[in-house]
Amino acid sequence: MLETKKAYHVWFIPKKPAGKRQIQAARWPLNEIQVRIAGKIYPYSISEISHSFVPGRSHRTAVFPHLRANAFFTFDIKDAFPSTRKKQVAANFRWIGFKKAVADLMADLICYSPTEKSEDGFLPQGYASSPTVFNLILNTTDRVLFGFSQKRGYQVTRYVDNFAISATQKTIPEEERKLAIKIVKSLSLGNFKIPEEKTSYREAGEKEVHFEFLGLVIEGPRDGERKIGVADEKLADYRWVIQEALDKEDFSEGKFREIRGKINYLKSIYQGRALPNQVAELYNQYRLLREIINTTKRGQLSLPI
Numbered sequence: 206m207l208e209t210k211k212a213y214h215v216w217f218i219p220k221k222p223a224g225k226r227q228i229q230a231a232r233w234p235l236n237e238i239q240v241r242i243a244g245k246i247y248p249y250s251i252s253e254i255s256h257s258f259v260p261g262r263s264h265r266t267a268v269f270p271h272l273r274a275n276a277f278f279t280f281d282i283k284d285a286f287p288s289t290r291k292k293q294v295a296a297n298f299r300w301i302g303f304k305k306a307v308a309d310l311m312a313d314l315i316c317y318s319p320t321e322k323s324e325d326g327f328l329p330q331g332y333a334s335s336p337t338v339f340n341l342i343l344n345t346t347d348r349v350l351f352g353f354s355q356k357r358g359y360q361v362t363r364y365v366d367n368f369a370i371s372a373t374q375k376t377i378p379e380e381e382r383k384l385a386i387k388i389v390k391s392l393s394l395g396n397f398k399i400p401e402e403k404t405s406y407r408e409a410g411e412k413e414v415h416f417e418f419l420g421l422v423i424e425g426p427r428d429g430e431r432k433i434g435v436a437d438e439k440l441a442d443y444r445w446v447i448q449e450a451l452d453k454e455d456f457s458e459g460k461f462r463e464i465r466g467k468i469n470y471l472k473s474i475y476q477g478r479a480l481p482n483q484v485a486e487l488y489n490q491y492r493l494l495r496e497i498i499n500t501t502k503r504g505q506l507s508l509p510i
């Protein structure tokens, strides 16, 4: 392994609902090497059900196939990237055609080891190559789950380590939900864990539907038109960011870009529909005040006395 202190930058970010998540980012030139490795393996990483880090696919495209669901099962892998071991990565590189020596070297270059021992390496959170490599690792799992779902008339999608399986029937039997989890765990050679708290199963109500996945919601009448929106918790987070910027009078270019990025994300989800009032009104207020302040600074605003 590379000498950790020189090759990587390590820091922590808050982890919901509590705790911290360690992020490891490679420094130059290692990060450039990782980008090139990701480019080499990218064609082998795409699957029918993966919607993460694939051009033209997104949170919304991962939710859309489930729009007519009446039963909705979701689960995700606990500590997915750190649970992806260097041995798994090297094995998948060999599977797509790289010789053992090359596969092992590539795996060393895109894995992080806190002990600096090769055998302790794992897929890190902050590498540019990690999402593509993770998609490659799960490619076989994706194909098996796709076949499993097609055989039963289900829809299945994945976004990074988040899986969703849905049925237009009234229910997805418990034994089939357990089988789907078993597929993911067994094909990871036991490295991936999916505890009970990482699973969710809901069925449509008699009149209304409300399913959540990736911070998005499918809602509407059971027998009528359903729509995709953003979950209340995420909307509250967005509103808090804008309100905090207003309270602190932070109208800087960096903060504006951050807020505008969130608004653009909402627009990509609602696709021409009106954005939720609790965010849209606050954003319009922020944007107007920012424009007034910036115009005043340039001496272009004439206010009546």
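Read in order, the letters of the sequence shown are residues 206 to 510 in the numbering used here.
Here a beta-carbon is modelled for each residue, glycine too, at the ideal position from N, C-alpha and C.
Predicted model, so just to flag it, every value in this text is computed and none were measured.
Cα-Cα separation between Y475 and P378, rounded to whole angstroms: 32 Å
So if DSSP puts W216 in a beta bridge, which residue, or which two residues, is it bridged to? I228
Cα-Cα separation, I282 to L494: 43 Å
Between which two residues does the alpha helix (DSSP H) carrying T376 extend? Run containing T376: none; DSSP gives neither H nor E here.
N- and C-terminal bounds of the beta strand (DSSP E) containing P329: P329 -> no beta strand (DSSP E), and no H or E assigned at all.
Among the candidates R357, K390, K383, L343, whose CA atom is the shortest distance from the CA of Q374? R357
Quickly, what does DSSP pair R363 with across the bridge? List them, please. S255, F368
Start and end residues, alpha helix (DSSP H) containing P336: 335 to 342
Throw me the rounded Cβ distance for the K403 and P426 pair, which I believe falls under 8 Å. Actually they are not in contact, since the Cβ atoms of K403 and P426 sit about 30 Å apart, beyond 8 Å.
Using the rule of at least 16 other Cβ atoms within 10 Å of the residue's Cβ for burial, across every protein chain shown, is F217 buried or exposed? exposed
Could you tell me the alpha carbon to alpha carbon distance between N469 and T346, rounded to whole angstroms? 33 Å
Within its chain, find whatever has a CB closer than 8 Å to the CB of H256; leave out the 5 residues flanking it on each side and keep chain order. R262, S263, H264, T266, A267, T362, R363, Y364
For F416 and S288, which I take to be in contact (beta-carbon distance under 8 Å), what is that distance rounded to the nearest angstrom? Not quite, the Cβ-Cβ distance comes to about 27 Å (not below 8 Å), so this is no contact.
What residue range does the beta strand (DSSP E) around I242 cover? No beta strand (DSSP E) holds I242; the alpha helix (DSSP H) holding it covers 235 to 250.
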